[in-house]
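Residue numbers (the numbering used here): 15 to 447.
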């Protein structure tokens, strides 16, 4: 039996190597990494989908809408925990500068204290205005905001060292553990405060545990790139609008349309968001590999892959539009009003899937982009926020979703401009040598 398994492995290995002349990439590396990252993402998607079923059937829409509003505001506040730092650390670790991990964590927590203070300020605002529910909710969130995202930086060490299997395993265990805790709270109570506390406490605990496990198993070396933390701060600041896109829609829908409509909007996004999540592993896999290749080498296959990914994304979008009504009838019967909005949002798959590989290529060569030019990445966020303010009052949830489609389209245009600049600057560097 063992000989048969070894024979199959060797056959697959040879097949992948032969396919490299057609795909122009290291298919063995991609398959190995994709297996671990893909299996981790599939586990995550199954867990999140199961938890969504529990939310949809066990608590009222108004409670869920308020819960999502608190998470949206907290997401905005965690901008202060320097989200771009993780990517900067990943790239440094890929170049064997691992010593920056602990200083980067301390920097994230230090800045995260500002998010806690801001959260307390919001809680005081709601208390003064007589909304004790939101006041207490934001006090709970504030206690965890400096730490919950910060401890997740261990993934930068694992992925930078290409330990995708461990990164995926730890992420899956965190997801499962937190989901079990959340499901337990939903079965036993509809109390918003308990649900929020369990959410923040479980995620913070699991990320802390796996951070400790990671640095004990793989103690970082003492090599430090002094540019990593300044670059992480700079990257975090210039990508503020990307973070806003992920959270501000919840704030605006809650403000203009109320908690029930926010619940409907959240369930319109949820299935498509999980499909997109399954496709987000390519940048993590690609950055360690692409960093060693020139932009001219990458350019040779980039255009063809972008076209293929667009066609694939369009097919996935069309398939989802056909099956969405059945998904909601079976799993989310209280949210049938979300079906059309979810079908509309599925178009983002065709638009964003090509950006996955485009983003990976740009991320691997980001140092060739002038710092001032990086601020162009805020343009999609500006377009999103502006269009939401224009459309939400008239078109409701669908207006917000249309704004998302506009934002993704503009993001592709910006990436095209960035890639052109990368090629230009890298060519200049080569000619000057």
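All residues carry an ideal CB built from backbone N, CA and C; glycine is no exception.
Subject >> Nearest candidate by alpha-carbon position, reference residue 369, set 186, 317 and 345 >> reply: Translated into the one-based positions of the chain shown, residue 369 becomes position 355. Selected option, being the one with the closest Cα: 317.
**OP:** Using the Cα positions of residue 201 and residue 194, report the straight-line distance between them to the nearest angstrom.
**Re:** For the purposes of this step, residue 201 is identified with residue 187 of the chain shown, where counting begins at 1. For the purposes of this step, residue 194 is identified with residue 180 of the chain shown, where counting begins at 1. As the crow flies, the alpha-carbon of residue 201 is around 11 Å from that of residue 194.
Original post:
Would DSSP call residue 196 helix, strand or coil?
Top reply: Here residue 196 refers to the residue found at position 182 when the chain shown is read from its first residue. Correct three-state label for residue 196: helix.
Original post:
Comparing alpha-carbon positions, which option in 248, 185 and 222 lies nearest residue 97?
Top reply: Here the question's residue 97 lines up with position 83 in the chain shown. The shortest C-alpha separation from residue 97 is found at 248.
Original post:
Counting pairs of beta carbons, one from the region 321-338 and one from the region 279-292, are three or more of them closer than 8 Å?
Top reply: In short, these stretches touch, since the Cβ pair count reaches three.
Original post:
In chain order, which continuous runs of the alpha helix (DSSP H) of length 4 or greater are located wholly inside the region 376-428?
Top reply: Runs found: 393-409.
Subject >> Whole-angstrom distance between residue 348 and residue 385, CA atom to CA atom >> reply: Along the chain shown, one-based indexing puts residue 385 at 371. Along the chain shown, one-based indexing puts residue 348 at 334. CA-to-CA, the gap between residue 385 and residue 348 works out to about 48 Å.
Subject >> Straight-line Cα distance separating residue 112 from residue 236 >> reply: Position 222 of the chain shown holds residue 236. Position 98 of the chain shown holds residue 112. One C-alpha to the other measures close to 7 Å.
Original post:
Under three-state DSSP, which class holds residue 156?
Top reply: Locating residue 156 in the chain shown gives position 142, counting from the first residue. In this structure, DSSP gives residue 156 a helical state, which the three-state scheme calls helix.
**OP:** Can you grab the Cα-Cα spacing for the pair residue 276 / residue 407, in whole Å?
**Re:** Locating residue 276 in the chain shown gives position 262, counting from the first residue. Locating residue 407 in the chain shown gives position 393, counting from the first residue. So the two alpha carbons sit approximately 14 Å from each other.
Subject >> N- and C-terminal bounds of the alpha helix (DSSP H) containing residue 100 >> reply: The residue you call residue 100 lines up with position 86 of the chain shown. It spans 98-108 - the alpha helix (DSSP H) in which residue 100 sits, taken as one unbroken run.
Original post:
Cβ atoms of residue 204 and residue 80: under 9 Å apart, would you say?
Top reply: Taking the first residue of the chain shown as 1, we reach residue 80 at position 66. Taking the first residue of the chain shown as 1, we reach residue 204 at position 190. Not in contact: residue 80 and residue 204 (Cβ atoms no closer than 9 Å).
Subject >> DSSP three-state assignment for residue 362, whether helix, strand or coil >> reply: Position 348 of the chain shown holds residue 362. Three-state result, residue 362: helix.
Original post:
In three-state terms, what does DSSP make of residue 114?
Top reply: Residue mapping note: residue 114 aligns to position 100 of the chain shown, counting from 1. The three-state reading of DSSP puts residue 114 in coil, since its state is none of H, G, I, E or B.
Original post:
Run through DSSP, which three-state label would residue 302 get?
Top reply: Position 288 of the chain shown, counting from 1, holds the residue named residue 302. Model confidence at residue 302 stands at a pLDDT of 47, short of 50, so the residue's coordinates are unreliable; what they give is reported in the following sentence. In this structure, residue 302 counts as helix in the three-state DSSP scheme.
Original post:
In chain order, what residues of the same chain have a beta carbon less than 7 Å from the beta carbon of residue 382, not counting five sequence neighbours either side?
Top reply: The count along the chain shown starts at 1 and reaches residue 382 at position 368. Excluding sequence positions up to five before and after residue 382, its CB lies within less than 7 Å of the CB of 436, 439 and 440, all in the same chain and listed in chain order.
Original post:
Cβ of residue 57 within 8 Å of any heavy atom in the ligand NAP?
Top reply: Absence of the ligand NAP from the depicted structure is noted, as is the absence of any ligand whatsoever, leaving it without description.
Original post:
Relative to the alpha-carbon of residue 131, which residue among 143, 91, 107 and 117 has its alpha-carbon at the smallest distance?
Top reply: Residue numbering aside, residue 131 sits at position 117 when the chain shown is read from its first letter. Comparing Cα-Cα distances from residue 131 to each of 143, 91, 107 and 117, the minimum goes to 91.
Subject >> Identity of the residue in 374, 106 and 123 nearest residue 94 by Cα >> reply: Counting from 1 along the chain shown, the entry for residue 94 is found at position 80. Closest option to residue 94, judged by alpha-carbon separation, among 374, 106 and 123: 123.
**OP:** Please list, in chain order, all residues of the same chain as residue 119 whose beta carbon is under 7 Å from its beta carbon, the five residues on each side excluded.
**Re:** By 1-based counting over the chain shown, the position of residue 119 is 105. 164 and 167.
**OP:** With DSSP as the reference, label residue 324 as helix, strand or coil.
**Re:** Residue numbering aside, residue 324 sits at position 310 when the chain shown is read from its first letter. Residue 324: helix per DSSP, three-state reduction.
**OP:** Indicate the three-state DSSP secondary structure (helix, strand or coil) for residue 263 in the structure shown.
**Re:** Within the chain shown, numbered from 1, the residue matching residue 263 stands at position 249. It is helical.
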